[in-house]
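K.L.:
Taken in order, these protein sequences are the chains called P and Y.
Anchor point for the first sequence: position 201 equals 201 in my numbering, and the numbering is continuous, going up by one each time.
Anchor point for the second sequence: position 297 equals 297 in my numbering, and the numbering is continuous, going up by one each time.
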Amino acid sequence: MADDLFHIAGKAFSSRLFLGTAGYPNQQVFLDSLTASGAEVVTVSIRRVDMAGGAEGLLDLLQGRAWLLPNTAGCATVKDAVLTAQLAREALDTSWIKLELIGDRETLYPDVEQLVTAAAQLVDDGFTVLPYCTDDPIVCRRLADVGCAAVMPLGAPIGTGLGILNPYNIETICARSTVPVILDAGIGTASDAALAMELGCDAVLLNTAVSKSTDPVRMAGAMGHAVAGGRLARLAGRIPKRLRAEASSPELGLIGG
Amino acid sequence: MTHFPFVSAARPRVAIIGAGCIGLSIAWRLAAAGGTVDIYDQGSSGRGATHAAAGMLAAAVETEPGEQPLLPLTLDSQRRWPAFAAELEAYTGLPVDLRTEGTLQVALTRDDVEVLRAGYEFQRGLGLNVAWLTGAQVKEREPWLNPRAAAGVLGADDGQVDNRKLAVALKAAALKAGARLHEDRAVEALSVTGGRADGVVVGGEVRHADVVVLAAGAWSRQLAGLPDGAVPPVRPVKGQMLSLRMDAAQPLLHHVVWPPKCYLVPRLDGRLIVGATTEEKGWDDRLTAGGVLALLEAAWRALPGVEELPIEEMWVGFRPGSRDDAPILGPVPGVDGLIMATGHHRNGILLTPGTADLLAHHILTGQLDPLLAPFGIDRFQERKTNGMRL
Chain P
1 MADDLFHIAG KAFSSRLFLG TAGYPNQQVF LDSLTASGAE VVTVSIRRVD
51 MAGGAEGLLD LLQGRAWLLP NTAGCATVKD AVLTAQLARE ALDTSWIKLE
101 LIGDRETLYP DVEQLVTAAA QLVDDGFTVL PYCTDDPIVC RRLADVGCAA
151 VMPLGAPIGT GLGILNPYNI ETICARSTVP VILDAGIGTA SDAALAMELG
201 CDAVLLNTAV SKSTDPVRMA GAMGHAVAGG RLARLAGRIP KRLRAEASSP
251 ELGLIGG
Chain Y
1 MTHFPFVSAA RPRVAIIGAG CIGLSIAWRL AAAGGTVDIY DQGSSGRGAT
51 HAAAGMLAAA VETEPGEQPL LPLTLDSQRR WPAFAAELEA YTGLPVDLRT
101 EGTLQVALTR DDVEVLRAGY EFQRGLGLNV AWLTGAQVKE REPWLNPRAA
151 AGVLGADDGQ VDNRKLAVAL KAAALKAGAR LHEDRAVEAL SVTGGRADGV
201 VVGGEVRHAD VVVLAAGAWS RQLAGLPDGA VPPVRPVKGQ MLSLRMDAAQ
251 PLLHHVVWPP KCYLVPRLDG RLIVGATTEE KGWDDRLTAG GVLALLEAAW
301 RALPGVEELP IEEMWVGFRP GSRDDAPILG PVPGVDGLIM ATGHHRNGIL
351 LTPGTADLLA HHILTGQLDP LLAPFGIDRF QERKTNGMRL
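Right under this line is the structure:
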């Protein structure tokens, strides 16, 4: 929908799907998936791409094709994350950063204390910060308060495909947030992405659900439709849930009744 | 796909750029058929990806979603391996240590089992020879594995060859057949005259050839003089690996074993190859603590006995990764006389017999085997228009 633009830090996007770049069978499948999804924003891990931008590397192939959102995947300390963000800014000529600060390798949960500290430092340094965070309304508020451009609460742990484990929290975050909410991590299939949008998220970021699907390109298309469908449903407004049936056609005044 | 006209089809003069397993095996086939063959390498023969590889011949268990188009070629080459190895060993008297015990994928946790089962069902759906094993059956086959081994998948047709011995044997075979090998002789440029590749520039001079084969692995796109549309979309994909020393009489493993996050390849001589990271780092050839840690941790989780083994060697190699990970093979539309034999990514050793036989046949007869048809360089041109532009 051209008239339903979505803004982060003044930049407008028409697709509300963000796509990760890791774990695809090969780069051509990724490029085809990107096309099929309609996504305009892709995240790239600073530590896992050829930052020199060598020919046929991911950055080379993405040139002019998508808005790059570098991320700090693999960082475990504030220092590490801040340095990685600065490296990304120099190499990619963007001040946008998806801030990831992982607390431990088993759960891959964000380390919230370090996340808020690093976010504040990066905002002060002029970055547009999009932090990957827990699905906690208070944490999301703290991150918005220190100046983050959006918040990215998790639906479920990274790579699990378990969907949105706490829809109540996500809905609460969306209802209270002063910045855009982008659901990040945990999406398993298209209905999960649609649910995120119905709950009020502004966008969805996903990766594994597409890259590890048996048919990534088809799943990428499904995700594009799901996000758009969920957004339309959110705007349209769902009907109240009832406990008893009510026929959709009138039952009174039927001819011959 | 265009057919190219032959200058002297019976005894072609062929210049091959790159003396890895692909270049050497093509040279062997062509020289044995009477061709005049010169192979050029910027370094020593067989010291690129051929040296770094693990030598796995895993057409079945290595197949993952999205790579179905590659399957006819990998299965064909896998079927060629036993006879190819036997012929090479008989011709040169040198061993290549082909092993056919099979490849065993192993799951350690419940989550691993789910992932393994999804892969197994996908591979079975393609008609591949894979069999589901219980944890007990896995440990019966490989008793040194972590007792937690919860399930496994056996690819009975998936074996291994010692790629370093293969390189030595292929070099000997090519030389014995009459090919001339020029080591430490970088090709400076491709010579193209009137739309036709007519030789290579070495030491500032054109050395004329009827056919030029580009088999320079990850270095292939650096060749100067390639016309537009003939630059193969190949990049270096870094891999860190290491080898441990087992007691050859009491090896810890017999199959090639794929636990989560690494693979373990036991050689007949007692080496245990542990591989490999997959990194997009350009030409960075450094070993890193994180890379080695990841490999050793994964190996140790699956096979606790590695703790006692001495580390023999650690190294970095560059897979020649094409944009779709499939090789780029055969003639180049618009540049007669140029033959691509590159972009084999992680399948170079597996695809050596098929690449050599099918491309040598093409060069000698002009016939393009239907197996090669999907792998021309022109496939990347067709897909260019597919892209979304912002």
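Note that the Cβ used here is the ideal one computed from N, Cα and C, for glycine as well.
Here the structure is a predicted model, which means the values were calculated and not measured.
1. Would you mind listing the alpha helix (DSSP H) stretches within the region 143 to 198 of chain P that are 4+ residues and don't spill past its ends, in chain order?
2. Along chain P, which residues have their Cβ under 7 angstroms away from the Cβ of E67 of chain Y?
3. Under 8 angstroms between C-beta atoms, does E312 of chain Y make it to chain P?
4. When you compare each of Y:Q240, Y:G239, Y:L268 to L253 of chain Y by their alpha carbons, which one comes out closest?
5. For a contact defined as C-beta to C-beta under 7 angstroms, what are the partners of T214 of chain P on chain Y?
6. Where does L122 of chain P sit, in a helix, a strand or coil, going by DSSP?
7. Using a Cβ-Cβ cut-off of 7 angstroms (strictly less than) and excluding sequence neighbours within five positions of H255 of chain Y, which residues of its own chain qualify?
8. Measure the alpha-carbon distance for W315 of chain Y versus Q222 of chain Y and round it to whole angstroms.
9. Which residues does DSSP list as the beta-bridge partners of H208 of chain Y?
10. What does E280 of chain Y touch in chain P if you count any residue whose Cβ is under 7 angstroms from its own?
11. Would you grab the beta carbon distance between P320 of chain Y and A49 of chain Y for me? Rounded to a whole angstrom, and I think it's under 8 angstroms.
12. Between Q28 of chain P and chain Y, is any beta-carbon pair separated by less than 8 angstroms?
13. Would you call T63 of chain Y buried or exposed, if buried means 16 or more other Cβ atoms sit within 10 Å of its Cβ?
14. Can you pull the chain Y neighbours of G230 of chain P, defined as C-beta to C-beta under 9 angstroms?
15. List in chain order: all unbroken beta strand (DSSP E) runs of 3+ residues lying wholly within the region 268 to 323 of chain Y.
16. Nearest chain Y C-beta to G54 of chain P closer than 8 angstroms, yes or no?
17. Candidates Y:R323, Y:P95, Y:A150, Y:V211: which alpha carbon is nearest R13 of chain Y's?
18. Assign S243 of chain Y to one of three DSSP states: helix, strand, or coil.
19. Check each candidate in P:I46, P:L34, P:M197 and name the one with the smallest Cα separation from P216 of chain P.
20. Note down, in chain order, each residue of its chain lying with its Cβ closer than 8 angstroms to the Cβ of E89 of chain Y, except the 5 sequence neighbours on either side.
21. Could you check the C-alpha separation between R164 of chain Y and A172 of chain Y for me, to the nearest Å?
22. Run through chain P and tell me which residues come within less than 8 angstroms of P327 of chain Y, C-beta to C-beta.
23. From the DSSP output, which residues share a beta bridge with S45 of chain P?
24. So, with DSSP's three-state summary, where would you put F13 of chain P?
25. Should W283 of chain Y go down as buried or exposed, given a rule of 16 or more other Cβ atoms within 10 Å for buried?
26. Quick one: residues in its chain with C-beta nearer than 8 angstroms to the C-beta of P157 of chain P, no 5 flanking neighbours on either side, listed in chain order?
27. Does DSSP put I239 of chain P in a helix, in a strand, or in coil?
28. Could you have a look at L5 of chain P and say whether DSSP puts it in helix, strand or coil?
29. Check the Cβ of D324 of chain Y against every Cβ in chain P and list those closer than 8 angstroms, keeping chain order.
30. Would you check if there are 3 or more beta carbon pairs closer than 8 angstroms linking the region 1 to 18 of chain P to the region 191 to 207 of chain P?
31. Alpha carbon to alpha carbon, how far is K79 of chain P from P25 of chain P?
32. Would you say P233 of chain Y reaches chain P, if we count a Cβ-Cβ gap shorter than 8 angstroms as a contact?
33. Evaluate G366 of chain Y with the Cβ neighbour count: other Cβ atoms within 10 Å of its Cβ, from every protein chain shown; 16 or more gives buried, anything less gives exposed.
34. With contact counted as at least three CB pairs below 8 angstroms, one residue from each stretch, are the region 105 to 118 of chain Y and the region 256 to 263 of chain Y in contact?
35. Which residue's Cα is closest to the Cα of T355 of chain Y: Y:L372, Y:R301, Y:L133?
36. 8 angstroms is my cut-off, CB to CB: does R11 of chain Y come that close to chain P?
P.N.:
Working from what's here:
1. 167 to 176, 190 to 198
2. Here residue 67 of chain Y corresponds to residue number 67 of the second sequence, with the count starting at 1. P25, listed in chain order.
3. Locating residue 312 of chain Y in the second sequence gives position 312, counting from the first residue. For E312 of chain Y, the answer is no, since every Cβ of chain P falls outside 8 angstroms of its Cβ.
4. Stepping through the second sequence from its first residue, residue 253 of chain Y is reached at position 253. Comparing Cα-Cα distances from L253 of chain Y to each of Y:Q240, Y:G239, Y:L268, the minimum goes to Y:L268.
5. Position 214 of the first sequence, counted from the first residue, corresponds to residue 214 of chain P. Those are P65, F122, listed as they occur along chain Y.
6. Mapped onto the first sequence, residue 122 of chain P falls at position 122. In this structure, L122 of chain P counts as helix in the three-state DSSP scheme.
7. Start at 1 with the first residue of the second sequence, and residue 255 of chain Y comes out as number 255. Here the set comprises E101, G102, T103, L104, R141, E142.
8. Residue 315 of chain Y sits at position 315 when you count from the first residue of the second sequence. Residue 222 of chain Y sits at position 222 when you count from the first residue of the second sequence. Rounded to whole angstroms, W315 of chain Y to Q222 of chain Y spans 23 angstroms at the Cα level.
9. Position 208 of the second sequence holds residue 208 of chain Y. The partner list for H208 of chain Y (beta bridge, DSSP) reads Y:G199.
10. The residue labelled residue 280 of chain Y in the question sits at position 280 within the second sequence. Chain P residues near E280 of chain Y: R48, V49, D50, G57, L58.
11. The residue you call residue 320 of chain Y lines up with position 320 of the second sequence. The residue you call residue 49 of chain Y lines up with position 49 of the second sequence. Contact flag correct, Cβ pair sits at about 6 angstroms.
12. In the first sequence, the residue the question calls residue 28 of chain P occupies position 28. Chain Y, which has a Cβ nearer than 8 angstroms to the Cβ of Q28 of chain P, makes this yes.
13. As a first step, residue 63 of chain Y must be located in the second sequence, where it is residue number 63. Its Cβ being crowded by 16 or more others within 10 Å, T63 of chain Y is buried.
14. As a working note, residue 230 of chain P is residue 230 in the first sequence. Here the premise fails: no neighbours, minimum Cβ distance about 22 angstroms.
15. 271 to 275, 311 to 322
16. Walking along the first sequence from the start, residue 54 of chain P turns up at place 54. G54 of chain P counts as touching chain Y.
17. As a position in the second sequence, residue 13 of chain Y is number 13, starting the count at 1. Per the Cα distances, Y:V211.
18. In the second sequence, the residue the question calls residue 243 of chain Y occupies position 243. S243 of chain Y: strand per DSSP, three-state reduction.
19. To locate residue 216 of chain P, count along the first sequence from 1; it is residue 216. Considering only alpha carbons, the answer is P:L34.
20. As a first step, residue 89 of chain Y is located in the second sequence; it is residue number 89 there, counting from the start. Only P95, V96, A169 meet the Cβ criterion.
21. Position 164 of the second sequence, counting from 1, holds the residue named residue 164 of chain Y. Position 172 of the second sequence, counting from 1, holds the residue named residue 172 of chain Y. Computed Cα separation, rounded: 13 angstroms.
22. Looking up residue 327 of chain Y in the second sequence gives position 327. Simply none; closest approach about 12 angstroms.
23. Residue numbering aside, residue 45 of chain P sits at position 45 when the first sequence is read from its first letter. Partner(s): P:N71.
24. Reading the first sequence from its first residue, position 13 is the one you call residue 13 of chain P. In this structure, F13 of chain P counts as strand in the three-state DSSP scheme.
25. Position 283 of the second sequence, counted from the first residue, corresponds to residue 283 of chain Y. Classification for W283 of chain Y: exposed.
26. Mapped onto the first sequence, residue 157 of chain P falls at position 157. If we look at P157 of chain P and ignore the five residues flanking it on each side, its Cβ neighbours are T107, L108, Y109, A185, G186.
27. Taking the first sequence and counting its residues from 1, one reaches residue 239 of chain P at position 239. Coil at I239 of chain P, not helix or strand.
28. In the first sequence, residue 5 of chain P corresponds to position 5, counting from 1. Looking at L5 of chain P - three-state DSSP - the assignment turns out to be coil, as it is neither helix nor strand.
29. The residue given as residue 324 of chain Y occupies position 324 in the second sequence. Chain P residues near D324 of chain Y: N26, Q27, Q28, V29.
30. yes
31. As a working mapping, residue 79 of chain P is identified with position 79 in the first sequence. As a working mapping, residue 25 of chain P is identified with position 25 in the first sequence. The alpha-carbon atoms of K79 of chain P and P25 of chain P are separated by roughly 33 angstroms.
32. As a working note, residue 233 of chain Y is residue 233 in the second sequence. Chain P contact via Cβ: present.
33. Translated into positions along the second sequence, residue 366 of chain Y becomes position 366. The residue is exposed, with fewer than 16 neighbouring Cβ atoms inside 10 Å.
34. yes
35. Indexing the second sequence from 1 puts residue 355 of chain Y at position 355. Closest by alpha carbon: Y:L372.
36. As a working note, residue 11 of chain Y is residue 11 in the second sequence. No, because no Cβ of chain P sits closer than 8 angstroms to the Cβ of R11 of chain Y.
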